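*Asks:* Convert by adding 16 to the 1-based position in the sequence shown; the result is the number in this note's numbering.
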Amino acid sequence: LGFSFHDDYPVFESIIDANDNWDFCMIQHNFMDQDYQAGNKGLVYAAGKGMGVVIMEPLRGGSLVGKIPKEIIALYDSAPIKRSPADWAFRWVYNHPAVTMVLSGMNNEDHIRENIRIASESLPNGLSEQELSIIENVRDTYQKLMRVGCTGCAYCMPCPAGINIPSAFKNLNNYYMFGK
17 LGFSFHDDYP VFESIIDAND NWDFCMIQHN FMDQDYQAGN KGLVYAAGKG MGVVIMEPLR
77 GGSLVGKIPK EIIALYDSAP IKRSPADWAF RWVYNHPAVT MVLSGMNNED HIRENIRIAS
137 ESLPNGLSEQ ELSIIENVRD TYQKLMRVGC TGCAYCMPCP AGINIPSAFK NLNNYYMFGK
């Protein structure tokens with residue numbers, strides 16, 4: 017018995033505490049959304065209750081691996097270990113001992129192979145302090161570049177005024193991240 021969660025942390029805790037029979041929960045978790053919805057705190061809380069924790073959106077809907085701002089590429093390029101943005105993002109998730117399973121959308125066989133390779137190489141607490149610092153710098157840089165912390169989930173849709181809110185926020189962020 018489990019549930020997928022899409023609300024604020026206090027609600028997450030109350031759902032878990034309302035039933036002693038939960039086997040698992042599914043939460044959004046990635047290096048950008050550490051404090052969003054259930055976040056790190058919820059991950060640890062659920063695991064502490066003996067629940068499995070399934071991670072959705074480890075690549076934040078693909079936004080952490082698609083077109084990458086030059087400032088972020090420079091940070092990744094400065095790392096002594098060369099990895100793809102997907103590799104960095106997945107390893108950050110797998111670094112958390114409370115993670116039971118990671119879900120990821122994949123568009124082709126190369127994505128499948130890369131995801132399998134990363135999962136087979138990654139271990140809980142497997143990232144060094146230097147690697148964690150690189151990811152923290154990437155997150156901080158994204159936060160400085162983005163104007164709106166929209167995840168693109170579209171829970172705000174449909175808009176009663178007919179505005180495609182996620183698209184508007186994406187365009188605003190892209191303007192500041194890429195000058196377009």
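We treat Cβ as the ideally placed atom computed from N, Cα and C, and that holds for glycine.
In this text, all values refer to a predicted model and were calculated from it rather than measured experimentally.
(1) Identify whether Gly18 lies in helix, strand or coil by the three-state DSSP scheme.
(2) Check Gln53 in the structure and name its three-state DSSP category.
(3) Buried or exposed: which applies to Arg155, given that a residue is buried once 16 or more other Cβ atoms fall within 10 Å of its Cβ?
(4) So what does DSSP say about Val154, is it helix, strand or coil?
(5) Smallest Cα separation from Ile43: which of Glu137, Asn35, Asp36 and Ile31?
(6) Once DSSP output is grouped into helix, strand and coil, what is the label at Ile71?
(7) Okay, do the region 72-89 and the region 98-109 touch, 3+ Cβ pairs below 8 Å being the bar?
*Replies:* On the basis of the data shown:
(1) If DSSP states are grouped into helix, strand and coil, Gly18 belongs with the strands.
(2) The three-state reading of DSSP puts Gln53 in coil, since its state is none of H, G, I, E or B.
(3) Around the beta carbon of Arg155, 16 or more other beta carbons sit within 10 angstroms, so the residue counts as buried.
(4) Looking at Val154 - three-state DSSP - the assignment turns out to be helix.
(5) Minimum Cα distance to Ile43 is reached at Ile31.
(6) Here Ile71 sits in strand by DSSP.
(7) Short answer: they touch.
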